[in-house]
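Written out as structure tokens, the structure is:
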């Protein structure tokens with residue numbers, strides 16, 4: 066006998082108007098340059114490399130956790146995309162949820178503690194429309210990525226707050242915005258209209274788009290803001306693929322910079338990974354992004370801080386590096 070499957074038709078899906086939102090449009094920060102003296106020296110160093118990479122046509126890649134969107138730094142990332150300083154924006158599946166909700170209703174984020182008690186968590190009708198977008202794109206074009214499908218829908222539907230959307234702007238600017246999904250991670254996977262095949266296909270297309278960008282990483286930079294698992298793991302596999310092809314053509318991908326910004330306490334000297342007995346060994350950004358993948362020629366930087374501070378600081382540092390070239 067096969068194991069029973071959950072009957073999704075039994076779920077009660079409610080409208081978003083009944084949800085209490087933790088964040089609104091007022092949480093999105095306006096562009097504001099910081100005092101240059103307050104910007105961490107490591108951010109100044111990576112900014113110089115990003116300016117040089119832009120001039121030389123090399124890749125600058127930013128990978129983010131969904132909390133980055135919740136921190137209100139959309140305007141900073143959009144401005145960097147507009148100015149050619151970001152060639153790829155990668156995030157996990159929760160990223161499309163916060164981005165789409167901001168674009169459609171100007172609010173996002175529910176209280177897990179409040180709604181999990183009653184079985185309402187994640188079961189909101191309008192957010193489930195993301196599944197329809199993914200399913201429709203899957204039927205129409207087997208090469209489209211999830212990020213592009215969502216961004217194009219936000220533009221086509223002229224959602225009321227589309228100007229806040231990272232995916233809409235990436236689509237408009239023809240910059241890859243890739244979504245790397247783990248099945249069961251995201252609230253839209255609860256919904257009856259979630260199609261696992263469509264979700265997997267579009268996210269895998271995004272992985273291949275991401276790997277294609279990584280092929281141009283020599284002389285560039287890859288950054289991770291707040292992603293402990295998705296960013297280092299996706300980057301690791303994509304880099305291996307890119308290096309495999311490069312080596313067959315007599316090329317290398319080793320002279321580039323990595324930046325990790327998070328709230329972990331790392332030692333000043335982090336150029337060696339911690340021992341397996343140290344719990345810090347399992348903080349993947351350290352061993353993967355700051356040590357292993359740059360051990361043969363790259364440079365790595367770590368800055369501890371909140372996203373609402375570090376991303377505006379990086380933006381400020383880029384402005385100054387651009388002016389002072």
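In the numbering used here, the protein residues as written are 66 to 390.
All residues carry an ideal CB built from backbone N, CA and C; glycine is no exception.
{"Asked": "Within this structure, are the beta carbons of residue 293 and residue 350 separated by less than 8 Å?", "Found": "yes"}
{"Asked": "Are the CB atoms of residue 268 and residue 299 nearer to each other than 8 Å?", "Found": "no"}
{"Asked": "May I ask you to report which of helix, strand or coil DSSP gives residue 239?", "Found": "coil"}
{"Asked": "Between which two residues does the alpha helix (DSSP H) containing residue 165 stretch?", "Found": "158-170"}
{"Asked": "Quick check: the Cα distance between residue 230 and residue 208, rounded to an integer number of angstroms?", "Found": "22 Å"}
{"Asked": "Pull up the CB-CB distance for residue 295 and residue 157, whole angstroms please, since I reckon it's below 8 Å.", "Found": "4 Å"}
{"Asked": "Residue 78 to residue 212, Cα distance in whole Å?", "Found": "25 Å"}
{"Asked": "Give the secondary structure of residue 125 by DSSP, where H, G and I count as helix, E and B as strand, and everything else as coil.", "Found": "strand"}
{"Asked": "Could you check whether the Cβ of residue 190 sits closer than 7 Å to any heavy atom belonging to the ligand NAP?", "Found": "Although the ligand NAP was asked about, the structure shown includes no ligands whatsoever."}
{"Asked": "Between the Cα of residue 126 and the Cα atoms of 297, 83, 67 and 106, which residue gives the shortest distance?", "Found": "297"}
{"Asked": "For the alpha helix (DSSP H) that residue 299 lies in, which residues bound it at each end?", "Found": "295-313"}
{"Asked": "For residue 285 versus residue 321, is the C-beta distance shorter than 8 Å?", "Found": "yes"}
{"Asked": "So, for residue 150: in the same chain, excluding its five sequence neighbours on each side, which residues have a beta-carbon less than 7 Å away from its beta-carbon?", "Found": "115, 119, 125 and 383"}
{"Asked": "Here's the rule I'm using: 16 or more other beta-carbon atoms within 10 Å means buried, otherwise exposed. How should residue 336 be labelled?", "Found": "exposed"}
{"Asked": "Counting along the chain, where does the alpha helix (DSSP H) carrying residue 391 start and finish?", "Found": "The structure shown has nothing for residue 391, since the chain only spans 66 to 390."}
{"Asked": "What does DSSP give as the partner residue(s) for residue 365 in the beta ladder?", "Found": "323"}
{"Asked": "Output the boundary residues of the alpha helix (DSSP H) element that contains residue 287.", "Found": "Where residue 287 is concerned, there is no enclosing alpha helix (DSSP H), although the beta strand (DSSP E) it sits in stretches over 286-290."}
{"Asked": "Which one of 109, 366, 134 and 324 has the shortest CA to CA distance from residue 386?", "Found": "109"}
{"Asked": "Apart from the five residues on each side of it in sequence, which residues of its chain come closer than 8 Å, Cβ to Cβ, to residue 248?", "Found": "254, 261, 264 and 265"}
{"Asked": "Are there 16 or more other CB atoms within 10 angstroms of the CB of residue 353, so buried, or fewer, so exposed?", "Found": "buried"}
{"Asked": "Measuring alpha carbon to alpha carbon, tell me which of 379, 329, 106 and 277 ends up nearest residue 123.", "Found": "277"}
{"Asked": "Skipping 5 residues on each side, what residues in its chain have a beta carbon closer than 8 Å to that of residue 97?", "Found": "377"}
{"Asked": "Which ranges would you report for the beta strand (DSSP E) in the segment 341-386 if only whole runs of at least 3 residues count?", "Found": "364-369"}
{"Asked": "Nearest to residue 246 by alpha carbon, out of 271, 280 and 165?", "Found": "271"}
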